[in-house]
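Novice:
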Amino acid sequence: MTDPGTGTVRLLLVDDENLMRAGLRLMIDGAEGIEVVGEEADGAGALRAVDALDPDVVLMDIRMPGMDGIEATRRLHAQGARAAIVVLTAFDTDGFLLDALRAGAVSFLLKDTPPQDVVQAVHEAAQGRARFSPLVLRRLVDLAADGASGAEGSRPRDPRAGSLPDGAPRGASDSPGGGLRSAPAGQLPAGVTAREWEVAQLVAQGLTNGEIGEALFLSLPTVKTHVGRLFDKLHVTNRVQLAIRVLELQA
822 MTDPGTGTVR LLLVDDENLM RAGLRLMIDG AEGIEVVGEE ADGAGALRAV
872 DALDPDVVLM DIRMPGMDGI EATRRLHAQG ARAAIVVLTA FDTDGFLLDA
922 LRAGAVSFLL KDTPPQDVVQ AVHEAAQGRA RFSPLVLRRL VDLAADGASG
972 AEGSRPRDPR AGSLPDGAPR GASDSPGGGL RSAPAGQLPA GVTAREWEVA
1022 QLVAQGLTNG EIGEALFLSL PTVKTHVGRL FDKLHVTNRV QLAIRVLELQ
1072 A
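What follows is the structure, encoded as structure tokens:
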């Protein structure tokens, strides 16, 4: 998704605070391999800028006057825009998190994220990889463990949570496979087998393919096959989106 001539990631900044945009530009524009190609102050402006500038990545705030970042993300995704959306916000409720991911955001960062992590998230988004702030990862893990979906308000924070290379949440329980929910065949998502549903739940808990194989006594190629089929059957393109679909279906 980067500029084929230079290998540079073309980035659009969207935030209603002038000082925030200026700070982001100062921080990011000098980073190796990233070029800030534009700035906008609301979602409507983001739609116009994406159409005009064709950026690789959009760094998107949520709370903005007029069209907010979630609605802008939803419209860009619906229009088939190729730009990857990285949400950068001060608002970290479960509702905002899940709404942003459902709308099509690749990553979700809080505004206290260290600068080097924001830069890394931009690079990873351009490659189709997800990244989350540690507290956001803990939220996703808690939601997966509880089987909740889109609950409003904040959950207890745990600063011990970290990020993974592929951006997937992990560690919902102390033992792999803990908390699996079985479901009668008639209640499974359309076309999904009982074994695939077990794999899907473990993906939502943040386990790697290797850990899933150990928990379910499956070979790594078999796990990869199940995950690939789940992507097709649940109409998702990465593990984070798959985790969100599991949360929705378990609600």
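Okay, so the sequence shown: first residue is 822 according to my numbering, each after it adds one. Cβ coordinates follow ideal geometry from the N, Cα and C atoms, glycine included. Note that the coordinates shown come from a computational prediction; the quantities given were computed from them, not determined experimentally.
1. How would you write the range of the beta strand (DSSP E) that glycine 851 sits in, first residue to last?
2. Among Glu853, Ala867, Ala1021 and Glu1032, which residue has its Cα nearest to the Cα of isoleucine 906?
3. Please state whether DSSP places methionine 888 in a helix, a strand or coil.
4. Just verifying my parser: in three-state terms, what is the DSSP assignment at leucine 956?
5. Do lysine 1045 and valine 1013 have their C-beta atoms closer together than 7 Å?
6. Is isoleucine 883 helix, strand or coil by DSSP?
7. In the DSSP assignment, find the beta strand (DSSP E) that holds alanine 902 and state where it starts and stops.
8. Using a Cβ distance threshold of 8 Å, determine whether the region 886-898 contacts the region 919-926, with at least three qualifying pairs required.
9. Can you tell which of Val835, Leu1068 and Ser1040 has the C-alpha that lies nearest to the C-alpha of isoleucine 883?
10. I believe alanine 870 touches leucine 833 by the beta-carbon criterion, under 8 Å. Please report the beta-carbon distance rounded to the nearest angstrom.
11. Look at alanine 1021 and valine 1067 and say whether their C-beta atoms are less than 7 Å apart.
12. Counting only the same chain and skipping the five closest in sequence on each side, list residues whose C-beta sits under 6 Å from that of alanine 951.
13. Leaving out the 5 sequence neighbours to the left and right, which residues in its chain are closer than 8 Å to histidine 898 when beta-carbon positions are compared?
14. Do the CB positions of leucine 909 and leucine 880 come within less than 7 Å of each other?
15. Which one of Glu856, Val878 and Ser954 has the shortest CA to CA distance from aspartate 933?
16. Pull up the CB-CB distance for aspartate 915 and arginine 960, whole angstroms please, since I reckon it's below 8 Å.
17. Should glycine 828 go down as buried or exposed, given a rule of 16 or more other Cβ atoms within 10 Å for buried?
18. On the DSSP bridge assignment, give the partners of leucine 909 in chain order.
19. Could you give the distance in angstroms between the alpha-carbon of threonine 1029 and the alpha-carbon of glutamate 1019?
20. Strictly by DSSP, which residues pair up with arginine 831?
21. Just to confirm my understanding: we take glutamate 856, look at its own chain, exclude 5 residues before and 5 after, and list those with CB closer than 6 Å. What are they?
22. Taking the beta carbon of aspartate 920 as the centre, do at least 16 other beta carbons fall within 10 Å, making it buried, or is it exposed?
23. Could you check the C-alpha separation between asparagine 1059 and valine 1048 for me, to the nearest Å?
24. Alpha carbon to alpha carbon, how far is histidine 1056 from glutamate 1017?
25. What distance in whole Å lies between the Cβ atoms of leucine 930 and alanine 947, which are believed to be in contact at a cut-off of 8 Å?
26. First and last residue of the alpha helix (DSSP H) that includes arginine 1066?
27. For leucine 1023 and valine 957, I'd like the C-alpha separation in whole angstroms.
Specialist: Concretely, from the data shown:
1. For the purposes of this step, residue 851 is taken as the residue at position 30 of the sequence shown. First-last for glycine 851: undefined, no H or E at that position.
2. Here residue 906 refers to the residue found at position 85 of the sequence shown. Measuring from the Cα of isoleucine 906, the nearest candidate turns out to be Ala867.
3. As a working note, residue 888 is residue 67 in the sequence shown. Three-state result, methionine 888: coil.
4. Counting from one through the sequence shown, the residue named residue 956 turns up at place 135. In the three-state reduction of the DSSP assignment, leucine 956 falls in the helix class.
5. Position 224 of the sequence shown, counted from the start, is the residue given in the question as residue 1045. Position 192 of the sequence shown, counted from the start, is the residue given in the question as residue 1013. Cβ distance not < 7 Å, so lysine 1045 and valine 1013 don't count as in contact.
6. As a position in the sequence shown, residue 883 is number 62, starting the count at 1. Coil.
7. One-based indexing of the sequence shown puts residue 902 at position 81. Per DSSP, alanine 902 lies in no beta strand (DSSP E) segment and is marked neither H nor E.
8. Contact holds: three or more Cβ-Cβ distances are below 8 Å.
9. Position 62 of the sequence shown, counting from 1, holds the residue named residue 883. If we check each option's Cα against that of isoleucine 883, Val835 comes out closest.
10. Translated into positions along the sequence shown, residue 870 becomes position 49. Translated into positions along the sequence shown, residue 833 becomes position 12. Here alanine 870 really is in contact with leucine 833; their C-beta atoms are around 5 Å apart, less than 8 Å.
11. The residue labelled residue 1021 in the question sits at position 200 within the sequence shown. The residue labelled residue 1067 in the question sits at position 246 within the sequence shown. In this structure, valine 1067 lies closer than 7 Å to alanine 1021 by Cβ.
12. Taking the sequence shown and counting its residues from 1, one reaches residue 951 at position 130. Closer than 6 Å at Cβ, skipping near neighbours: Val927, Ser928, Gly988 and Val1061.
13. Your numbering for residue 898 matches position 77 in the sequence shown. The residues are Ile906, Ala924 and Gly925.
14. Here residue 909 refers to the residue found at position 88 when the sequence shown is read from its first residue. Here residue 880 refers to the residue found at position 59 when the sequence shown is read from its first residue. Contact flag set, yes.
15. As a first step, residue 933 must be located in the sequence shown, where it is residue number 112. Of the listed residues, the one whose Cα sits closest to aspartate 933 is Ser954.
16. Locating residue 915 in the sequence shown gives position 94, where the first residue counts as 1. Locating residue 960 in the sequence shown gives position 139, where the first residue counts as 1. That pair is a contact at about 6 Å.
17. Against the sequence shown, residue 828 aligns to sequence position 7. The residue in question, glycine 828, is exposed, as its Cβ has fewer than 16 Cβ neighbours within 10 Å.
18. As a first step, residue 909 is located in the sequence shown; it is residue number 88 there, counting from the start. Under DSSP, leucine 909 takes part in a beta bridge, and its partners are Leu930.
19. Stepping through the sequence shown from its first residue, residue 1029 is reached at position 208. Stepping through the sequence shown from its first residue, residue 1019 is reached at position 198. C-alpha separation (whole angstroms): 13 Å.
20. Against the sequence shown, residue 831 aligns to sequence position 10. DSSP, once it has assigned bridges, lists Glu856 as partnering arginine 831.
21. Numbered from 1 along the sequence shown, position 35 holds the residue referred to as residue 856. Cβ within range, chain order: Thr829 and Arg831.
22. Along the sequence shown, one-based indexing puts residue 920 at 99. That one is buried.
23. Taking the sequence shown and counting its residues from 1, one reaches residue 1059 at position 238. Taking the sequence shown and counting its residues from 1, one reaches residue 1048 at position 227. Their Cα atoms are separated by approximately 9 Å.
24. If you number the sequence shown from 1, residue 1056 lands on position 235. If you number the sequence shown from 1, residue 1017 lands on position 196. So the alpha carbons of these two residues sit roughly 14 Å apart.
25. Position 126 of the sequence shown, counted from the start, is the residue given in the question as residue 947. Position 109 of the sequence shown, counted from the start, is the residue given in the question as residue 930. Not confirmed; about 15 Å, so no contact.
26. On the sequence shown, residue 1066 is found 245 positions in, with the first residue counted as 1. Judged by DSSP secondary structure, arginine 1066 falls within the alpha helix (DSSP H) whose first and last residues are 1060-1071.
27. Start at 1 with the first residue of the sequence shown, and residue 1023 comes out as number 202. Start at 1 with the first residue of the sequence shown, and residue 957 comes out as number 136. Spanning the two alpha carbons is a distance of roughly 18 Å.
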